[in-house]
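Q:
There are 2 protein chains.
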Amino acid sequence: MSTEEIKGTNSRRTEDIDATCEEFCFNPIAVDYVQKRMLTEKESTLLTEIFKALSSKTRLHILHALSQRELCVCDLSLVLDLSVSAVSHQLRLLKAARLVKYRREGKNVYYSLDDDHVVSLFAYALEHVRHS
Amino acid sequence: MSTEEIKGTNSRRTEDIDATCEEFCFNPIAVDYVQKRMLTEKESTLLTEIFKALSSKTRLHILHALSQRELCVCDLSLVLDLSVSAVSHQLRLLKAARLVKYRREGKNVYYSLDDDHVVSLFAYALEHVRHS
């Protein structure tokens, strides 16, 4: 690698690590506008719960499976190669975060994504990682 | 509370806690369909990184602020009542998860949401908690 290439790499690294303002200077109109539209305490708590529930590979696999079709707990245990009780545990956490819902049919319980917001939220996240 | 009301409450609670199939029974077509469309290892890793980055109230406040308009690091420090260095630290984590991007203008660094996927993902999550 030439000296020039090394310099180039270093300068990009420095920029990435230290991307902050060089002197304190702010826009009072922008600050005021945003401060008047802050998340409430309840909203930020509920959002954190949702995103924590999504921060697990197993639960992401469950959501991805349910984004394709409604499945019963037994189907999900086969898809993920996990015990029914392990899947049920993860489903309870997803249900508590309002990400999935269920309906009973005979002796089976069928799960699906809670509503269209969850469908879209998951679809955009997946599109983002596929496009990045 | 009457005995009937107590029974009603208990039965709802049992249903919520134990919403699982009563006997093992699966749909092989559904299982096969979903198994052929599983998330890849890379996709589930990247999704987990995104959702972990979103599992913090401070970072959610930053994203919510940036969902309204582009802001420099100093603006964000005033909006959130945090030091510039604390805000920079959180922005680095959000940048690493590809949730925000920045541009330099003179001595200032302006941050915004990374792209339309992030805008939509955040908007749907917020709509979900507001609607729930």
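Residue numbers (the working numbering), protein chains in the order written: chain G, 188 to 319; chain Z, 188 to 319.
Backbone N, C-alpha and C define an ideal beta-carbon position, used for all residues, glycine too.
#1: Residue range of the alpha helix (DSSP H) that residue 246 (chain Z) falls in?
#2: For residue 275 (chain G) and residue 288 (chain Z), I'd like the C-alpha separation in whole angstroms.
#3: Would you mind working out which of Z:300, Z:245, Z:286, Z:236 sits nearest residue 228 (chain G), comparing C-alpha positions?
#4: Using a Cβ-Cβ cutoff of less than 8 Å, which residues in the same chain neighbour residue 197 (chain G) once the five nearest sequence positions on both sides are dropped?
#5: Does any residue of chain G have a CB that is nearer than 8 Å to the CB of residue 312 (chain Z)?
#6: Report buried or exposed for residue 224 (chain Z), applying the criterion of at least 16 other Cβ atoms within 10 angstroms of its Cβ.
#7: When you compare only the Cα positions, how much space is there between residue 207 (chain Z) and residue 260 (chain G)?
#8: With respect to the alpha helix (DSSP H) encompassing residue 239 (chain G), which residues constitute its N-terminal and C-terminal limits?
#9: Please look up how many angstroms separate the CB atoms of residue 265 (chain G) and residue 213 (chain Z), rounded, as I've assumed it's under 8 Å.
#10: Considering just the uninterrupted stretch of the beta strand (DSSP E) at residue 288 (chain Z), what are its terminal residues?
#11: Residues of chain Z with CB under 9 Å from residue 249 (chain G), in chain order?
#12: If I measure Cβ to Cβ from residue 290 (chain Z) and keep anything under 7 Å in the same chain, skipping five residues before and after, which residues do I get?
#13: Kindly list, in the order they appear in chain Z, the residues whose Cβ is closer than 9 Å to that of residue 206 (chain G).
#14: Could you spell out the range, first to last residue, of the alpha helix (DSSP H) harbouring residue 263 (chain G)?
A: On the basis of the data shown:
#1: 244-255
#2: 38 Å
#3: Z:245
#4: Caution is warranted here: a pLDDT of 37 is assigned to residue 197 (chain G), below 50, making its placement in the model unreliable, and no coordinate value can be reported.
#5: yes
#6: exposed
#7: 6 Å
#8: 228-240
#9: 6 Å
#10: 287-292
#11: Within 9 Å Cβ-Cβ: nothing; residue 249 (chain G) doesn't reach chain Z, min ~10 Å.
#12: 297
#13: 260, 275, 278, 279, 282, 289, 291, 296, 298
#14: 260-267
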